[in-house]
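Undergrad: This note's numbering applies: residue 211 is where the sequence shown begins, and numbers increase by one. Ideal placement from N, C-alpha and C gives every residue a C-beta, glycine not left out. Computed from a predicted structure; not experimentally measured. Structure incoming, see below.
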Amino acid sequence: MPEHVLIPYDGSPLADRALEYACSEFSSSALTALFVIDKRTDETAAVGWGDHPSEWEDWLTERRQHAERLFETAESIAAEHGATIDTAVAIGETAEMVIRVAEEYGGDLIVVGTHGQSPLEGLLIGNVAKALVRRSPVPVTTVREEAA
């Protein structure tokens, strides 16, 4: 049984499903939901922040507040499964930050949601999940979305 499970969490249905799985399977482990602020993939990120250095800080503050709102949902999901979770925010490239947090804080399992694929696409998984599976020094469990 893992001691510390890290769940990348962005509030999407896939992230909810991964969190539900982690909470039901590893409720006696330390669980951490991690939101990564990644300006490369965040649709609210501006291409350039102009001439005002405060724009970057204002954007980071808004994204941290967004993460806190998402964590309220994550904490409710955990409570429904009789689990408690810690939450954390990191800034950087998503897969890299998940791996770094797992290494620095003793994560020994990562649970991440991934899209269910048609048989033709069966070998493909999401970019973050794929990067985690390939590069993580700790085991990664992928949780597929439910079939329609």
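With PHE245 as the anchor, note down where its beta strand (DSSP E) starts and where it stops.
TA: Looking at the DSSP string, the run of the beta strand (DSSP E) that includes PHE245 is 240-247.
Undergrad: Can you tell me whether HIS291 is helix, strand or coil according to DSSP?
TA: DSSP places HIS291 in coil when its eight states are reduced to three.
Undergrad: Can you give me the start and stop residues for the beta strand (DSSP E) that ARG227 sits inside?
TA: Note, ARG227: premise wrong, no beta strand (DSSP E); alpha helix (DSSP H) at 223-235.
Undergrad: Since VAL305 is in the alpha helix (DSSP H), which residue starts that stretch and which ends it?
TA: It is Ala, not Val, that sits at residue 305 in the sequence shown. From DSSP, the alpha helix (DSSP H) with ALA305 extends over 304-314.
Undergrad: Is DSSP giving SER322 helix, strand or coil here?
TA: Note on identity: in this sequence residue 322 is Val, with Ser being the wrong assignment. Note: VAL322 maps to strand in three-state DSSP.
Undergrad: Could you confirm whether any beta carbon from chain C is found closer than 9 Å to the beta carbon of SER237?
TA: The structure shown contains no chain C, having only a single protein chain.
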